[in-house]
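Following: one structure in structure tokens, then a few remarks.
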Amino acid sequence: MKQSFLFTKTRREAPKDEVSKNAQLLIRAGYIHKEMAGVYSYLPLGLKVLNNIENVIREEMNAIEGQEVQLTALQDKNKWEAVDRWDDKNVDVWFKTKLKNDTDISLAYTHEPAITVVMKDYITSYRDLPQYPYQFQTKFRNETRAKSGIFRGREFLMKDLYSFSKTQEELDTFYEKAIVAYKNIFNRVGLGDKTYLTLASGGSFGSKYSHEFQTLTGAGEDNIYIHKGKNIAINDEVYNDETLEMLGIKKEELIQDKSVEVGNIYKLGTFYSGPLELKYTTSTGESKEVIMGSYGIGLGRVMGTIVEVLSDEKGIVWPESIAPFKIHLILLGGKDDKAKNYADELYKKLSEKNVEVLYDDRDARAGEKFADSDLIGIPYRVIVSDKGMEAGKLEMKVRKTGEIQSITEEELFTL
Ligand code: ATP
Ligand code: MG
């Protein structure tokens, strides 16, 4: 993409009311727009990153036999009443509304009841199980605290997968596979070495514990206790003698730190399938309730976490796997059109080879182009200038390390 076509521009100052680093940087670099607290639009660069994160997650979900669906954002009250979660006393994040005929409906804050009822149409026998539908869908939550930028949205995109199994053992086996898939995802998006599989409370879903994936950052709202040797952590909500005993862990062995929950996985058992009567017939003709699990990842939260964890004083630093572009090609205007013609040609050749390039063809000062490039955070910056043309070389700067290399055009194509 030519930067002269990009409708977003960088800005020096973030909005005064924006306190979180992730939103400040993303707004300044033109990735997102703040509609109101906790509600953000994704602009061209931001959507590219979000889509890249989505694709990494999709590949890993498909690898564990997930099947992609898309459920509705508007939901029916009856299903929520059946599991006793319609009442504001039981769920404090509801956005509720009414149809013209006065029927109560809601905006989805999660999709367990909805998917359970969908699966009722298709699951009758043991032969129909297991199944793993998942989706990327907007959730709406009337969060009280929405000061963390895209960490905590009132409207946000989530990947949610639901597992439907015959037995507890079948669920347990899938749960372990999901842990591996989640680790792959966080490794691939560049958060692997700061993200811990964390024992957490099972909430109201009947099982005592759940697991979260917690990424270390001072911007997080959670407190975890890390065991480096075992490469796991414990959320402070379940940090007690019983948990420590269950794992053989001693208080000395743990380091406390702040973190953000980038994903979580729950064994739901029959919490939803029971009241909503999702049953199957076993091979011996017995009727049994389906055993469920749920597996979430907030995409905006992952994106915000990458910004919090990997950015530096100059701006954002994207890992190549999810960057909006791989190369930021920067033309420094010369006296004649020599450098420009060459940069135009190079941009064309790279695009033809499907290399993602943002081409800064704007008529702007070098300092301004470099500052913008640092802020936007594309992994490789390649400069075309008169000086470089004379030497027959391109200057390349690695955004993450600041390392500068003089490379040939051929070398650029092998990056
Ligand atoms: P939290 O404890 O942070 O409030 P949660 O436990 O309610 O989150 P789930 O409902 O299980 O989270 O959602 C699954 C995932 O969705 C979370 O692990 C997180 O990555 C993401 N998520 C949850 N709430 C938000 C939000 N308000 N904005 C952005 N992402 C969110
Ligand atoms: Mg949580």
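Just so you know, we're using this note's numbering here: the sequence shown kicks off at -14 and counts up by one.
The C-beta atom is built at its ideal place from N, Cα and C for all residues, glycine as well.
Reducing DSSP to helix, strand and coil, say where residue i ends up.
| i | result |
| --- | --- |
| Q153 | helix |
| D61 | strand |
| R366 | strand |
| F121 | strand |
| S148 | strand |
| F398 | helix |
| D357 | helix |
| Q55 | coil |
| G248 | strand |
| A218 | strand |
| V340 | coil |
| M374 | helix |
| I211 | strand |
| D89 | strand |
| V287 | helix |
| D242 | strand |
| E388 | coil |
| D113 | helix |
When the distance is taken between beta carbons, is residue j closer than 9 Å to residue i?
| i | j | result |
| --- | --- | --- |
| L30 | P309 | yes |
| V223 | A185 | yes |
| I421 | V174 | Examination of residue 421 is not possible in this model, given that the chain is present from -14 through 400 alone. |
| S272 | L253 | no |
| K148 | Q122 | Sequence check: residue 148 is Ser here, not Lys. Cβ atoms of S148 and Q122: not closer than 9 Å. |
| A14 | G281 | no |
| L360 | M(-14) | no |
| D89 | K83 | yes |
| D226 | D207 | no |
| L284 | M143 | yes |
| T266 | S110 | yes |
| L378 | I389 | The sequence given here places Lys at residue 378; Leu does not occur at that position. For K378 and I389, no; Cβs fall outside 9 Å. |
| V34 | Q120 | no |
| I315 | I368 | yes |
| T(-5) | D357 | yes |
| S244 | A218 | yes |
| L201 | S150 | no |
| R286 | F141 | yes |
Kindly indicate the opening and closing residues of the beta strand (DSSP E) around residue i.
| i | result |
| --- | --- |
| E298 | Unbroken run through E298: none, as it is neither H nor E. |
| E380 | L379 to V383 |
| I431 | Nothing about residue 431 can be read from this structure; the chain reaches only from -14 to 400. |
| Q199 | Y194 to L201 |
| Y181 | T180 to S186 |
| G278 | I276 to G283 |
| T82 | F80 to K83 |
Grab the span of the alpha helix (DSSP H) containing residue i for me, first residue to last.
| i | result |
| --- | --- |
| G31 | P29 to A48 |
| I100 | E97 to K105 |
| N326 | K323 to E337 |
| T269 | Neither: T269 is in no alpha helix (DSSP H) and is coded neither H nor E. |
| E230 | D226 to L232 |
| L10 | K6 to R13 |
Under 8 Å by Cβ, that's how I've got residue i and residue j pegged, so tell me the actual separation to the nearest angstrom.
| i | j | result |
| --- | --- | --- |
| V275 | G138 | No, V275 and G138 are not in contact; Cβ-Cβ is about 31 Å, not under 8 Å. |
| K354 | D345 | 5 Å |
| T57 | L28 | 26 Å between Cβ atoms; not a contact. |
| H212 | L239 | 6 Å |
| K124 | Y94 | 6 Å |
Quiz prompt | the region 118 to 138 touching the region 248 to 265, judged by at least three CB pairs closer than 8 Å | solution = no
Quiz item: Is the region 105 to 116 in contact with the region 175 to 186, if contact means three or more CB pairs nearer than 8 Å?
Solution: no
Quiz prompt | Inter-stretch contact (C-beta, 8 Å, three-pair minimum) for the region 283 to 299 and the region 0 to 9 | solution = yes
Practice problem: Could you tell me whether the region 362 to 378 touches the region 318 to 328, using the rule of 3 or more Cβ pairs below 8 Å? | Solution: yes
Practice problem: Inspect the CB distances between the region 257 to 266 and the region 63 to 82 and report whether three or more fall short of 8 Å. | Solution: yes
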